[in-house]
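Have a look at the structure below before the remarks.
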Amino acid sequence: MTEKRDIWFSGPLNDAVSLVSQRNCILLVYIYDDSEKTQTLNATLNEEHVIATIKENTVALSMEKNSENAALFGQFYPIQAVPIVYFIKQGTIKDFGIETTTSEEIVEKIVQLNEFVTPQPSPVNNQLPEQPTQSHVADTPSISVDTAPTIPPVNTTPSIPPVPSFSSDTQEAKAKKEKLQKQLEKSRKERAERDKQDAKEREIKRRQEAKLLQEAKQDRVDKENKKYFDQIKKERLEDEAHRKKVRDQIAKDRAEKIAQRNAEKQRSSPEINVTPSNIDHANTINLNHDYSNLNIRQLDGTNLRNKFEASDTLSTVREWINQVSHIYIYIYLQNRQVNQYTCII
386 MTEKRDIWFS GPLNDAVSLV SQRNCILLVY IYDDSEKTQT LNATLNEEHV
436 IATIKENTVA LSMEKNSENA ALFGQFYPIQ AVPIVYFIKQ GTIKDFGIET
486 TTSEEIVEKI VQLNEFVTPQ PSPVNNQLPE QPTQSHVADT PSISVDTAPT
536 IPPVNTTPSI PPVPSFSSDT QEAKAKKEKL QKQLEKSRKE RAERDKQDAK
586 EREIKRRQEA KLLQEAKQDR VDKENKKYFD QIKKERLEDE AHRKKVRDQI
636 AKDRAEKIAQ RNAEKQRSSP EINVTPSNID HANTINLNHD YSNLNIRQLD
686 GTNLRNKFEA SDTLSTVREW INQVSHIYIY IYLQNRQVNQ YTCII
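With our numbering, you'll find the sequence shown wraps up at 730, consecutive numbering, no jumps.
And the structure:
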């Protein structure tokens with residue numbers, strides 16, 4: 386926290402501007418408020434490499450949005466957003482940063498702007514040495530103006546030895562530039578490593594999400610398949626129950642129809658009264674059944690009729706057929722011979 390407080394200039398604004406002119410460096414102005422964005426930007430500015438870069442290469446001012454310094458600064462430069470960090474060089478705003486700016490970007494902005502800052506040589510005192518005043522000459526009683534010894538002419542352009550401060554400033558600027566470049570390179574490497582690690586983590590996260598998505602998809606498919614098979618099973622059971630119900634209804638209808646028919650038959654059949662006349666009629670029927678009339682058709686188309694007793698067997702019928710057949714054959718032959726004789730005559 387002490388290092389953070391040391392990077393901010395604590396004097397008046399005019400003194401800060403004068404110090405920037407003397408050091409020929411960058412003026413960094415940070416305008417903040419009490420918002421969450423300010424806390425985010427504060428966290429970025431509190432990183433060690435950012436603090437070291439700001440402390441070594443800039444004059445940093447921090448102003449609260451409603452302060453007098455901020456109002457004075459706003460008269461010369463527009464305050465477009467809060468919080469904001471302005472990078473001013475030679476009186477011109479060259480760049481700025483907001484809460485989304487990373488620490489590497491802030492360091493890189495400072496390094497890039499510092500490369501264009503040319504070190505100025507330290508001013509050399511070219512004034513001539515002061516000549517003794519008239520009063521001082523008058524105080525010397527032994528020397529008058531007329532008798533004063535001749536003073537050799539003073540070279541108004543004193544010889545100026547080579548200014549070592551310019552070369553030293555140049556070397557210091559080069560060393561500072563190399564240091565900043567090393568810091569920038571280090572920041573870039575750290576950023577590259579973080580990006581690589583972030584990419585790796587993103588890839589791992591992507592694979593995990595893809596795996597979860599695949600599992601969820603497979604689970605959904607399994608549930609749909611189970612639901613589909615359960616539906617088919619349910620439909621089959623319903624169909625089987627419906628068929629059984631239909632079969633039972635058909636069997637019931639058949640039983641009802643059979644019972645109805647039997648009842649109709651029973652209602653339609655007359656009752657038989659047993660009387661003496663009925664008994665005589667039955668005996669008569671039985672007497673009629675004592676004989677059997679047979680009609681036998683032969684191969685030549687003739688019919689043989691005879692009355693047989695009910696006790697006669699088929700052998701009796703056969704014997705009768707044989708006897709009758711011989712008679713009919715003889716008659717047939719006789720009739721044929723007569724026909725032949727008739728034809729001859």
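For every residue, glycine included, the Cβ atom is placed at its ideal position computed from N, Cα and C. Given the structure is predicted, the values throughout are model-derived calculations rather than measurements.
Worksheet entry | Rounded distance between the beta-carbons of Lys-561 and Asn-442, thought under 8 angstroms | With a Cβ gap of about 7 angstroms, Asn-442 and Lys-561 count as contacting.
Worksheet item: Out of Glu-694, Leu-689, Asp-685 and Ala-437, which has the shortest C-alpha to C-alpha gap to Ser-677?
Response: Comparing Cα positions, the closest option is Glu-694.
Practice prompt. Just grab the DSSP bridge partners of Val-470 for me.
Written response: Residue pairing from DSSP places Val-470 in a beta bridge opposite Tyr-415 and Gly-482.
Worksheet item: If we ignore side chains and look at the alpha-carbon of each, how far apart do Val-470 and Leu-413 end up?
Response: Within the model, the alpha-carbon separation for Val-470 versus Leu-413 is close to 7 angstroms.
Item to complete: Could you tell me whether any Cβ in chain D is nearer than 8 angstroms to the Cβ of Asn-442?
Response: Chain labels in this structure do not include chain D; a single protein chain is all it has.
Fill in: Where the beta strand (DSSP E) containing Glu-694 begins and where it ends
Secondary structure note for Glu-694: its beta strand (DSSP E) is the uninterrupted segment 688–694.
Worksheet item: Using the beta-carbon count (16 or more within 10 Å), is Gln-582 buried or exposed?
Response: It counts as exposed.
Worksheet item: With distances taken between CB atoms, is the gap from Glu-449 to Tyr-417 smaller than 8 angstroms?
Response: In terms of Cβ geometry, Glu-449 and Tyr-417 form a close pair [threshold 8 angstroms].
Practice prompt. State yes or no: is the C-beta of Ile-495 within less than 8 angstroms of the C-beta of Ala-445?
Written response: In this structure, Ala-445 does not lie closer than 8 angstroms to Ile-495 by Cβ.
Worksheet entry | Asn-454, enclosing beta strand (DSSP E) - first and last residue | Here Asn-454 belongs to no beta strand (DSSP E); instead the alpha helix (DSSP H) covers 453–461.
Discussion item. Let me check one thing: in DSSP terms, what residues is Ile-681 bridge-paired to?
Written reply: Per the DSSP secondary-structure output, Ile-681 pairs in a beta bridge with Leu-689.
Item to complete: Rank Leu-430, Lys-440, Lys-422 and Leu-398 by C-alpha distance to the C-alpha of Phe-461 and give the top, closest one.
Response: Of the listed residues, the one whose Cα sits closest to Phe-461 is Leu-398.
Worksheet item: Buried or exposed: Phe-614, going by 16 or more other Cβ atoms within 10 Å of its Cβ?
Response: With fewer than 16 Cβ atoms within 10 Å of its Cβ, Phe-614 is classed as exposed.
Worksheet entry | Terminal residues of the alpha helix (DSSP H) in which Ser-447 lies | First-last for Ser-447: 443–449, but that is the beta strand (DSSP E), not the alpha helix (DSSP H).
Worksheet entry | Residues that DSSP places opposite Thr-477 in a beta bridge | Thr-477 pairs with Lys-474.
Fill in: Neighbour-count burial assignment, Ala-455, 16 or more Cβ in a 10 Å radius
With 16 or more Cβ atoms within 10 Å of its Cβ, Ala-455 is classed as buried.
Discussion item. Distance check for Lys-422 and Glu-433, CA to CA, integer angstroms please.
Written reply: The straight-line gap from Cα to Cα measures roughly 20 angstroms.
Discussion item. So Phe-472 and Phe-458 are supposed to be a Cβ contact under 8 angstroms. How far apart are they, rounded?
Written reply: The pair is not a contact, with the Cβ atoms about 14 angstroms apart (cut-off 8 angstroms).
Fill in: Cβ shell of Ala-466 (< 7 angstroms), same chain only, five flanking positions each side left out
Taken in chain order, the residues that qualify are Ile-483.
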